[in-house]
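2 protein chains.
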Amino acid sequence: MKKNITIIGAGLVGSLLSIYLSKRGHTVRIYERRGDMRKEKMSAGRSINLALSDRGLLALEKVGLAEEIKKISIPMHGRSIHNPDGNIAFQPYGKEGQYINSVSRGTLNMKLMDLAEQHGVQIFFHEKCTTLDWEKDVLEFENTSGVSIPSSKADLVFAADGAFSAARLQHQLRHDKFNYQQYYIDCGYKELTIPATADGNFAMEVNALHIWPRKDYMLIALPNLDKTFTCTLFFPFEGEASFDKLKTETDVKNFFEKTFPDAVPLMPDYINEFFTNPTSSLVTVKCFPWIREDKFALIGDAAHAIVPFFGQGMNCGFEDCRVLDELIEKNGDDWTSILQQYQTLRKPDGDAIADLAINNFTEMRDRTADPIFLLQKKIEARLHEKYPEKWIPAYSQVTFSPHIRYSEALKRGHMQEAIMQDVMKLENIGETWDNPDLHEQIIQQVQH
Amino acid sequence: MKKNITIIGAGLVGSLLSIYLSKRGHTVRIYERRGDMRKEKMSAGRSINLALSDRGLLALEKVGLAEEIKKISIPMHGRSIHNPDGNIAFQPYGKEGQYINSVSRGTLNMKLMDLAEQHGVQIFFHEKCTTLDWEKDVLEFENTSGVSIPSSKADLVFAADGAFSAARLQHQLRHDKFNYQQYYIDCGYKELTIPATADGNFAMEVNALHIWPRKDYMLIALPNLDKTFTCTLFFPFEGEASFDKLKTETDVKNFFEKTFPDAVPLMPDYINEFFTNPTSSLVTVKCFPWIREDKFALIGDAAHAIVPFFGQGMNCGFEDCRVLDELIEKNGDDWTSILQQYQTLRKPDGDAIADLAINNFTEMRDRTADPIFLLQKKIEARLHEKYPEKWIPAYSQVTFSPHIRYSEALKRGHMQEAIMQDVMKLENIGETWDNPDLHEQIIQQVQH
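Order-wise, the sequence lines are chains A and B.
For the first sequence, our numbering gives the first residue as 1, with consecutive numbering after it.
For the second sequence, our numbering gives the first residue as 449, with consecutive numbering after it.
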């Protein structure tokens, strides 16, 4: 039984979902609040590049896009840590040959929309969701560009309209017993730019994610195909060093020159950008239920918005689509079971990656500058090399092991961290860290 | 500097707040979504009686209403526990002479509205809040009865429009960095009635709150002035014994006769009521911030909706008003400081009573039927009698000690409960419970 399916939101997740569903033979329409980014200039505000890793690639592979996207991505093999004294240290993300991919959000989204339309998906733009009532089967949009679009009935509606989902809000307002939580971290972010050098090259090592860890805040930079880097300052809203305190150009100049001395010469326009670019906030959203009968489901950020510090927002949303498609494969036309199993499987994983992402902020801004932590990473890497199945570092579980669920990665990560906390307290660990007996003792403690 | 103040919501908290503010000389207008309950019949759905205790009374005292309200209240000195075998046990709430008051929500609200109008407060009814933007100073209402009300500018807006506050939602939609959480417990509730007896008397002991504790659920009953009792069944939505399972009149009859045998003969119409009265859900709301500059504040359930199991929802909202008034006294015209201090003081207390209320559900439905728990209560009552300042049972701190903050009561309650958990494990505690040496040992463990 083929269905009429409506997806709200033509972002990364909505577009990929539409491809999966149309490949299954369903009639799919997408309603998108913004204009067509293939024809209109995108507004600023959302990060322009993203880190695509194995979970996202696996989901793209199933629709035949992985190789094409990898061609327009820049591999980042590890973290390039910029210390205040100007020294740079490199921390590999995983084993030799493992890397994450810096990719342009816009390019990726446009390719997904193109492919969706090739599969017969209709995308309607400037369509703002104003009413969604799955019980009464009412779904209304307001066309913000004045064009009149024939309204359609849908058998099934997916809300893929992001962290501030209008569809989810409708759901919250109209239906009882919807648990909902949104919370902001104390830091906001601002994007800055490192342009290409005068002779047209990258200004820093290209195959790395650059971090300037400064304990309560950090600057990061990801490479773009045009030889620029997009930098993001994650910075407290209030407090001693904060957006609140940097009021004048002199404030900004003094702060940056003292804090990021090696970055300043690479960012000719940073003071202007600091005052021109928006300061954005970072929200986590958890909610339940995600579904209603066989009629409605939340997916991607609309179901589980997370902070960006694990680079998993898009990857998690893409994984939602892949898991859903596997459940369609398994359950056939039984959409009640498909949606129920989708929720049962994905809710704990959405919660887990939300918590992992919050924790990774501390790791990135603070712990990456700590020699003890770097030694711990080295030991864990060695353990992974020697016992590739028994010890997988938490970062690798999340990033390079798409068949380990996020909820499992969180659990195993906690267990491993507890073991390593004890290990790092050992006297002389700096000398004994590569002792095979020690490795054997550590592995004995692993519970499966 | 007298202000033009708008309050959204003419419920218990909005009405009391308006009296406090008008007594301070401010011009106060209230906009209420419903009609005037003094002229129109109230719709069902909200509980018709409430337990007014010392915090609420203290707040009413300051506007001169405490004595008048006590006259139309029914004292409840303790819990009357109805066991499945028909035996009834009485558990006093506190010391001799301490009690809570069953009062009619409607009567109390109408008296507060009358008093507000006597102080010059204007109340506009059928006014639904549609836009609230404190930054742009926009406040719009839609009159649902078709009457046109002149719109007014306000210097300061209080949202007192309850758990599902429209004003708070506007706030959430329009302003960044608003942390918000709503969660439902797995139980819902339904109201039933015990009428007066044929000879016009109360059908049960009048000066008690009756409980039929049945582990995962319970029935309770509060007395009304007209000699009836309002019963409330708190019951899981789903599961073995649940609303979901009671589909037919026979289901309901069998369940009630088996579970509440002594209540059934007192409720002639319960089967009809069970299918006619709504099943309502129970939500907790936590959010932050509650205020914006000197322009906007959430108060009462709009700031901190809680479940009803500690009988503190109204009391907490009234306390919000009293504390705010004390801060006006202290800070004069400095509304930035008043609101900032209001939030700093009340947010931890709102969080604390929310958690206390959730915990008290377990106590009421399950622990009140446990002989060990009853013995613990007896020991704690004796400790309180002997050391009235050093040991105050958690229930008494919340209910009869309006000068102990909820957050303090939560902390001290946890500390005392940990001590009592160890005490109840002592061998022969059933015999030794009143030993003065034991009491001395317990008191030694109390940390202040």
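Every residue gets a Cβ at the ideal spot worked out from N, C-alpha and C, and that includes glycine.
Query	Result
Spell out the partners DSSP gives Pro75 of chain A in its beta bridges.	A:Asn101
Could I get the ranges of all uninterrupted alpha helix (DSSP H) runs contained in the region 713-770 of chain B, with 4 residues as the minimum, in chain order?	718-724, 749-752
Which first and last residues belong to the alpha helix (DSSP H) in which Gly413 of chain A is found?	406-424
Is the number of C-beta pairs between the region 833-853 of chain B and the region 535-542 of chain B that are closer than 8 Å three or more?	yes
DSSP on Pro348 of chain A, reduced to helix/strand/coil?	helix
Hey, quick one: how far does the alpha helix (DSSP H) through Pro371 of chain A stretch, first residue to last?	371-386
So with CB distances below 8 Å, who are the chain A contacts of Lys625 of chain B?	Tyr184, Phe237, Ser281
Between Tyr180 of chain A and chain B, is there a C-beta pair that is closer than 8 Å?	yes
Could you check whether the region 65-80 of chain A touches the region 103-111 of chain A, counting it as contact only if at least three pairs of C-beta atoms, one from each stretch, sit closer than 8 Å?	yes
For Pro371 of chain A and Glu293 of chain A, what's the separation of their Cα atoms in angstroms?	52 Å
Pick helix, strand or coil for Tyr468 of chain B, following the three-state DSSP scheme.	helix
What does DSSP give as the partner residue(s) for Leu438 of chain A in the beta ladder?	According to DSSP, which records beta bridges pairwise, Leu438 of chain A is partnered with nothing at all.
Report the residue from A:Trp212, A:Arg33, A:Gly313, A:Ile8 whose alpha carbon sits nearest the alpha carbon of Ala89 of chain A.	A:Trp212
Throw me the rounded Cβ distance for the Ala203 of chain A and Leu266 of chain A pair, which I believe falls under 8 Å.	5 Å
What does the Cβ neighbour count give for Gly449 of chain A, buried or exposed, with the cut at 16 atoms within 10 Å?	With chain A covering only 1 through 448, there is no way to say anything about residue 449 of chain A.
Just checking: is the beta-carbon of Gly493 of chain B within a distance shorter than 8 Å of some beta-carbon in chain A?	Annotation note: pLDDT 48 at Gly493 of chain B (below 50); position unreliable, coordinate value reported separately. No, its Cβ sits nowhere closer than 8 Å to a Cβ of chain A.
Candidates A:Ser18, A:Met420, A:Phe260, A:Leu115: which alpha carbon is nearest Ile442 of chain A's?	A:Met420
Would you call the CB atoms of Lys177 of chain A and Tyr632 of chain B closer than 8 Å?	yes
Output the distance between the C-alpha atoms of Val595 of chain B and Arg482 of chain B, rounded to the nearest integer angstrom.	14 Å
With a cut-off of 8 Å on the beta carbons, I'd call Thr641 of chain B and Asp717 of chain B a contact; round off their distance for me.	7 Å
Just checking, does the region 4-13 of chain A make contact with the region 159-167 of chain A on the three C-beta pairs under 8 Å criterion?	yes
What are the partner residues of Lys460 of chain A, as DSSP defines its beta bridges?	With chain A covering only 1 through 448, there is no way to say anything about residue 460 of chain A.
For the region 657-673 of chain B against the region 525-532 of chain B, do three or more pairs of beta-carbon atoms, one drawn from each stretch, fall closer than 8 Å, so that the two count as touching?	yes
To which residues does DSSP link Thr454 of chain B through a beta bridge?	B:Arg477, B:Val605
Quick one: is Ser855 of chain B buried, meaning 16 or more other Cβ sit within 10 Å of its Cβ, or exposed?	buried
Counting only the same chain and skipping the five closest in sequence on each side, list residues whose C-beta sits under 6 Å from that of Gly430 of chain A.	none
Considering Cα atoms alone, identify which of B:Gln895, B:Lys471, B:Ser729 is closest to Tyr637 of chain B.	B:Ser729
Run through the DSSP bridge pairs and tell me what Phe685 of chain B is partnered with.	Answer is none; Phe685 of chain B lacks a bridge partner.
Helix, strand or coil: how does DSSP classify His623 of chain B here?	coil
Using the C-alpha atoms, what's the distance from Trp134 of chain A back to Phe723 of chain B?	25 Å
Take Met1 of chain A and list the residues in its own chain whose beta-carbon comes closer than 8 Å to its own, dropping the five residues that flank it on each side.	Asp333
May I have the straight-line CA-CA distance separating Phe310 of chain A from Asn360 of chain A, to the nearest angstrom?	6 Å
Give the straight-line distance between the Cα atoms of Leu16 of chain A and Leu219 of chain A, rounded to the nearest whole angstrom.	31 Å
Can you give the Cα-Cα distance for Thr676 of chain B and Asn649 of chain B, rounded to whole angstroms?	8 Å
Among all the DSSP beta bridges, which residues are the ones paired with Tyr790 of chain B?	According to DSSP, which records beta bridges pairwise, Tyr790 of chain B is partnered with nothing at all.
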